[in-house]
Each structure stands twice: as structure tokens, then as C-alpha cells.
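Undergrad: Each residue of the sequence shown is one higher than the one before, counting from 4 in our numbering. Pasting in a structure now, in C-alpha cells, and then I'll have a few things to ask.
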Amino acid sequence: MLADLSPLIAATAQWLTRSYPSAGGALESALAGVQARQAVTVAAWLRYPTDMDAGLVAVAGPGGSARLDWITGADGPAADSHDGGGTGEPEPWRTWVDEVVASWAAALLCTPGLAATAMAALAAAGRLDATAPVDFRRLVTPDEHDRRAAALLRHPDLLAPIADLHRAELLDRLAPAA
């Protein structure tokens, strides 16, 4: 991936980990964060398969977290001042959250086997560089510690309202690889 999707990936992963936090300590939070970032990275690469697509979202912006916050119930008066400064303005990173990418990442996290199908689709499209392999093990084959650390982040019932938003589009995108 030559185009820089880093702000979108970072913001969307942060939204997921704040919305579905780890119940453990620092290690568990870090493991949940890695899983969220891996899922968001795969979802972003699927959503924006070309440099032109990624460039357009960088110019136009991904849309923000407002609808996702509303769905998860994080849109009340307390959510309006996430910045902690009491300004009533949402945190700037929230404008870089991509609803479709968050939905696809949620589907990858809570549907066993879908992450492997997504990785196969990326490989078939030549999106995974063999000279610089990226390890998505925590997403594709999480161990017991990974699953415990991301219990909320991988819970199908909790993620369903987000995962189901754009699941059909994800399945359409993955259909040739399935």
C-alpha cells in the first residue's frame, strides 16, 4: 500500500478499542489494540484497494464516528466533550473514523473464518507484499490470551449492531475469494 491510510486506521482502531475496551490491565489493552488495528488495517485495505481510492478518502475524509457513536450509545452529552477540556467539542481524531471500515473490522473480529477469507482476498489481489510480510496472526488465529484480552471486541452479540451495518458489502467484496 503506497497511499497513506494511517490516520484512518489509527482513528478507527482507537474508536473500536474505546467502544469495546479490554477489561484487563495494560498487556490485555495492548493485545486488544493490536487485534483492532489488524482488523482495521485489513478492512481499510479491502475498502480502499487502490492508491486512488486511498487518496480520495484522504482528501474527502472518511466521515467520522457520529453514527457509530449513536449506535453504541456514546452520543450523549458526555460524548460531546471527549476532549477532556470541557469545550464540548468532540476529539479531532473522531473525524478520521471510517464507518464502513469499522463495520468491516467488527465483522472480521467477531466472525470466525472471515478474517482468513479477507486475507486470502488481499493475497489474491496482490495486496500482501511477500518481500515485507505483515503478520496478522492475532487477527486470523488468536490464541486464548488474545481472545480473553479482546473479549468485548470479539463478542458477536455486542459487535452485531456495528458489524451488520455494512456486512453485505464486505461479503460482496470477498465473494470472488470465497
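Note that CB positions come from ideal geometry on N, CA and C, so glycine has one too. Small disclaimer: the values here were computed from a predicted structure and weren't measured.
Could you say which of C113, G27, A127 and W99 lies nearest to A42 if we only look at CA atoms?
TA: Nearest of C113, G27, A127 and W99 to A42, Cα basis: C113.
Undergrad: If distances are taken between C-alpha atoms only, which option among H169, S32 and A118 comes closest to Q17?
TA: The candidate whose alpha carbon is nearest that of Q17 is S32.
Undergrad: For L174, which residues of its own chain have a beta-carbon under 7 Å away from its beta-carbon, when the five flanking residues on both sides are left out?
TA: Counting only Cβ-Cβ distances below 7 Å, and skipping sequence neighbours, we find nothing.
Undergrad: Out of R140, R176 and H158, point me to the one whose CA is closest to V37's CA.
TA: For the residues R140, R176 and H158, the minimum Cα distance to V37 belongs to R140.
Undergrad: If we require 4 or more residues per run, which alpha helix (DSSP H) segments fall completely within the segment 79-164?
TA: With a minimum length of 4 residues, the continuous alpha helix (DSSP H) runs that stay inside the segment 79-164 are 102-113, 117-127, 140-143 and 147-152.
Undergrad: Helix or strand or just coil, what does DSSP make of D1?
TA: A query on residue 1 cannot be resolved here, the shown segment of the chain reaching from 4 to 181 and no further.
Undergrad: What residue from A153, V62 and I74 has the CA that sits closest to P10's CA?
TA: Nearest of A153, V62 and I74 to P10, Cα basis: V62.
Undergrad: Check whether the Cβ atoms of M108 and A46 lie closer than 7 Å to each other.
TA: The residue you asked about is not Met; residue 108 is Ala in the sequence shown. Contact: yes.
Undergrad: Report, in whole angstroms, the separation of the C-beta atoms of A105 and L71, which I expect to be a contact under 8 Å.
TA: With 8 Å as the limit, A105 and L71 qualify as a contact, their Cβ atoms being about 6 Å apart.
Undergrad: Considering only residues of the same chain and omitting the five flanking positions on each side of A153, which have a CB-CB separation below 6 Å?
TA: Hits under 6 Å: A35 and Q38.
Undergrad: Give me the residue from R40, S68 and R157 with the minimum Cα distance to G1.
TA: With the chain running from 4 to 181 in the structure shown, residue 1 is simply not present.
Undergrad: How far does the alpha helix (DSSP H) with A33 in it extend, from its first residue to its last?
TA: Run containing A33: A29 to R50, per the alpha helix (DSSP H) assignment.
Undergrad: State buried or exposed for L19, treating a residue as buried only when at least 16 other CB atoms are found within 10 Å of its CB.
TA: Per the 10 Å Cβ criterion, buried.
Undergrad: Let's test the definition: count the other Cβ atoms within 10 Å of the Cβ of T144 and tell me whether it reaches 16, buried, or not, exposed.
TA: Exposed, by the Cβ-count rule.
Undergrad: For A163 and L155, I'd like the C-alpha separation in whole angstroms.
TA: In a straight line, the C-alpha of A163 is about 12 Å away from that of L155.
Undergrad: Could you give the first and the last residue of the continuous alpha helix (DSSP H) run that contains G58?
TA: Looking at the DSSP string, the run of the alpha helix (DSSP H) that includes G58 is D54 to A63.
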